[in-house]
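Peer 1: Sequential numbering from -2 applies to the sequence shown in our numbering.
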Amino acid sequence: MSEIYYLEKEKNIEKISYNIIDELEKIEDDKHYNMKINLKAEIEKLDQVIKLKMLNEDKDRCVNNVILDTYDNLERDNNEYILKYDKKNNLKFINRHEIEQNIEQNLFKYFKYSQGHYKEVHNGILLYKQIMLESEYFENLLARDSSISYLFLDIYEKEYSNNKKTNIRMNIGNILKEIIPVILEFNIEEMRNGELKLTFNLKLKEKNLLISKLKDFYEKKIYEKFEFKIEENGYYVINLKNKSIKEIYVEKELVLDTSKSLRKIRINTIGEHLL
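(1) Would isoleucine 267 pass as a contact of serine 14 if the rule is Cβ separation under 7 Å?
(2) With respect to the alpha helix (DSSP H) encompassing lysine 212, which residues constitute its N-terminal and C-terminal limits?
(3) Quick one: which unbroken beta strand (DSSP E) runs of 3-plus residues sit fully inside the segment 67 to 142? Chain order, please.
(4) Quick one: what's got a C-beta closer than 7 Å to asparagine 159's C-beta in the same chain, skipping five residues either side?
(5) Per DSSP, what kind of secondary structure is phenylalanine 223 in: helix, strand or coil?
(6) Rounded to the nearest angstrom, how far is the Cβ of lysine 240 from that of leucine 4, given a contact under 8 Å?
(7) Do the segment 23 to 43 and the segment 59 to 73 make contact, defined as three or more Cβ pairs closer than 8 Å?
(8) Per DSSP, what kind of secondary structure is isoleucine 64 in: helix, strand or coil?
(9) Alpha carbon to alpha carbon, how far is isoleucine 264 from glutamate 77?
(10) Since serine 146 and leucine 139 should fall inside the 8 Å C-beta cutoff, what is the C-beta to C-beta distance between them, to a whole number of angstroms?
(11) Within its chain, find whatever has a CB closer than 7 Å to the CB of serine 258; leave out the 5 residues flanking it on each side and keep chain order.
(12) Hey, out of Glu101, Asn137, Ser256, whose CA is closest to isoleucine 28's CA?
(13) What is the DSSP secondary structure of isoleucine 172, reduced to helix, strand or coil?
(14) Under three-state DSSP, which class holds leucine 148?
(15) Would you mind giving the Cβ-Cβ distance between asparagine 164 and glutamate 175, rounded to the nearest angstrom? I have them listed as a contact below 8 Å.
(16) Can you find the residues in the same chain that come closer than 7 Å, C-beta to C-beta, to isoleucine 79, ignoring five residues on each side of it along the sequence?
(17) Using a 10 Å radius around the Cβ and a threshold of 16 neighbouring Cβ atoms, would you call methionine 32 buried or exposed?
(18) When DSSP builds the beta bridges, which residues end up paired with tyrosine 246?
(19) What number of angstroms, rounded off, separates the C-alpha of isoleucine 64 from the C-alpha of methionine 188?
(20) Using the rule of at least 16 other Cβ atoms within 10 Å of the residue's Cβ for burial, across every protein chain shown, is arginine 260 buried or exposed?
(21) List the residues that DSSP assigns as beta-bridge partners of lysine 33.
(22) Please list the terminal residues of the continuous beta strand (DSSP E) segment that includes threonine 196.
(23) Count the other CB atoms within 10 Å of the CB of phenylalanine 197; is the residue buried (16 or more) or exposed (fewer)?
(24) Assuming leucine 71 and tyrosine 134 make a contact with CB atoms under 8 Å, what is their CB distance in whole Å?
(25) Keeping to the same chain, check which residues put their C-beta closer than 6 Å to that of aspartate 19; ignore five residues upstream and five downstream.
(26) Is glutamate 186 helix, strand or coil when you go by DSSP?
(27) Starting from the C-beta of phenylalanine 225, find all residues in its chain whose C-beta is less than 7 Å away, skip the five residues before and the five after it, and write them out in chain order.
(28) According to DSSP, which residues form a beta bridge with asparagine 164?
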């Protein structure tokens, strides 16, 4: 039986908190790497803007690094971002000036307990400003395939079906320096108990052209063997009462020559927001 559902724009609701778990297993030149990041995000969608608050977990390092510690402290102290869509429907981070003012007003705080490391603290502050305030790094996180980007994927105001694919564009930014556009093909898996479950798979356009660019990047000859594989699938669970995202799961497999990785992203709401 055919099912069709038009997913309207999410209604303005109270803040929703999400728990995000991003796990990566990677094998490169017979070396194994594992990484796990657990963070929380709080999102409030208003008429004109989106308020995003990032609640990062503490980061453990095997050695002390004053520059990175300073960067982390700045990130924790300035974790509220005001976002707005531009005319091209791209999210822009619009409260940079306010964050910069806050840093300038609290500079003493970062130097206070760092006797003998003033240069490193200064470099940490410069690094934060260069990355977060003087570049589009944060916008790129929201627009490409970072874990947080899936909460801002353009899934709304589209018709979905259980026997016809709905295509949604996405950008991948961690394979080459340039952005790689891909398509996520969505289908309805089920609708029940006031929830809509949408499953998706990745579709790659111009794969041969991409392999050619990758060979150039890795300095491989045309005739040399180069293994390449990219697969991605997962699902969204939507609360039909207020059209908000309740759950996201993503599984991504990537093979680049001698490097193989498996990434799993789990995003769930926290608390009673959707009841």
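Every residue, glycine too, gets a C-beta built ideally from N, C-alpha and C.
Peer 2: Quick look at the numbers:
(1) Here residue 267 refers to the residue found at position 270 of the sequence shown. Here residue 14 refers to the residue found at position 17 of the sequence shown. Cβ atoms of isoleucine 267 and serine 14: closer than 7 Å.
(2) Here residue 212 refers to the residue found at position 215 of the sequence shown. Run containing lysine 212: 204 to 214, per the alpha helix (DSSP H) assignment.
(3) 77 to 82, 88 to 90
(4) As a first step, residue 159 is located in the sequence shown; it is residue number 162 there, counting from the start. For asparagine 159, where only same-chain residues beyond five positions count, the Cβ hits under 7 Å are Ser(-1), Glu0, Asn184, Ile185.
(5) Residue mapping note: residue 223 aligns to position 226 of the sequence shown, counting from 1. Coil, per DSSP.
(6) Residue 240 sits at position 243 when you count from the first residue of the sequence shown. Residue 4 sits at position 7 when you count from the first residue of the sequence shown. At roughly 7 Å, the Cβ-Cβ gap stays under 8 Å, so lysine 240 and leucine 4 are in contact.
(7) no
(8) Residue numbering aside, residue 64 sits at position 67 when the sequence shown is read from its first letter. Three-state result, isoleucine 64: helix.
(9) Here residue 264 corresponds to residue number 267 of the sequence shown, with the count starting at 1. Here residue 77 corresponds to residue number 80 of the sequence shown, with the count starting at 1. If you take the alpha carbons of isoleucine 264 and glutamate 77, they lie about 19 Å apart.
(10) What you label residue 146 is simply residue 149 of the sequence shown in a count that begins at 1. What you label residue 139 is simply residue 142 of the sequence shown in a count that begins at 1. About 6 Å separates the two Cβ atoms, so the contact holds.
(11) Locating residue 258 in the sequence shown gives position 261, where the first residue counts as 1. Cβ within range, chain order: Leu21, Glu22, Lys23, Leu251.
(12) As a position in the sequence shown, residue 28 is number 31, starting the count at 1. A small fix is needed here, since residue 28 is lysine in this sequence, not isoleucine. Nearest C-alpha to lysine 28: Ser256.
(13) On the sequence shown, residue 172 is found 175 positions in, with the first residue counted as 1. Here isoleucine 172 sits in coil by DSSP.
(14) Within the sequence shown, numbered from 1, the residue matching residue 148 stands at position 151. Of the three classes helix, strand and coil, the one that applies to leucine 148 here is helix, per DSSP.
(15) As a position in the sequence shown, residue 164 is number 167, starting the count at 1. As a position in the sequence shown, residue 175 is number 178, starting the count at 1. Contact doesn't hold; Cβ gap of about 21 Å is too wide.
(16) Against the sequence shown, residue 79 aligns to sequence position 82. Once the five neighbours on either side are set aside, the close Cβ partners of isoleucine 79 are Val46, Lys48, Ile91, Asn92.
(17) Position 35 of the sequence shown, counted from the first residue, corresponds to residue 32. That one is exposed.
(18) Residue 246 sits at position 249 when you count from the first residue of the sequence shown. Paired residue(s): Tyr232, Arg263.
(19) Here residue 64 corresponds to residue number 67 of the sequence shown, with the count starting at 1. Here residue 188 corresponds to residue number 191 of the sequence shown, with the count starting at 1. Each residue's Cα considered, the two are about 49 Å apart.
(20) By 1-based counting over the sequence shown, the position of residue 260 is 263. Classification of arginine 260: buried, given that the 10 Å Cβ count is 16 or more.
(21) Within the sequence shown, residue 33 is the residue found at index 36, counting from 1. BP columns for lysine 33 point to Glu20.
(22) In the sequence shown, counting from the first residue as 1, residue 196 sits at position 199. Threonine 196 -> beta strand (DSSP E) spans 192 to 200.
(23) Taking the first residue of the sequence shown as 1, we reach residue 197 at position 200. Buried, because 16 or more other Cβ atoms sit within 10 Å of the Cβ of phenylalanine 197.
(24) For the purposes of this step, residue 71 is taken as residue 74 along the sequence shown, with counting starting at 1. For the purposes of this step, residue 134 is taken as residue 137 along the sequence shown, with counting starting at 1. Going by Cβ atoms, the distance from leucine 71 to tyrosine 134 rounds to 14 Å, so no, they are not a contact pair.
(25) Locating residue 19 in the sequence shown gives position 22, where the first residue counts as 1. The answer, listed in chain order, is Ile34, Ser144, Ile262.
(26) Against the sequence shown, residue 186 aligns to sequence position 189. In the structure shown, glutamate 186 sits in a strand (DSSP, three-state: E or B).
(27) Taking the first residue of the sequence shown as 1, we reach residue 225 at position 228. Ile208, Leu211, Val252, Leu253, listed in sequence order.
(28) Here residue 164 refers to the residue found at position 167 of the sequence shown. According to DSSP, asparagine 164 bridges with Glu182.
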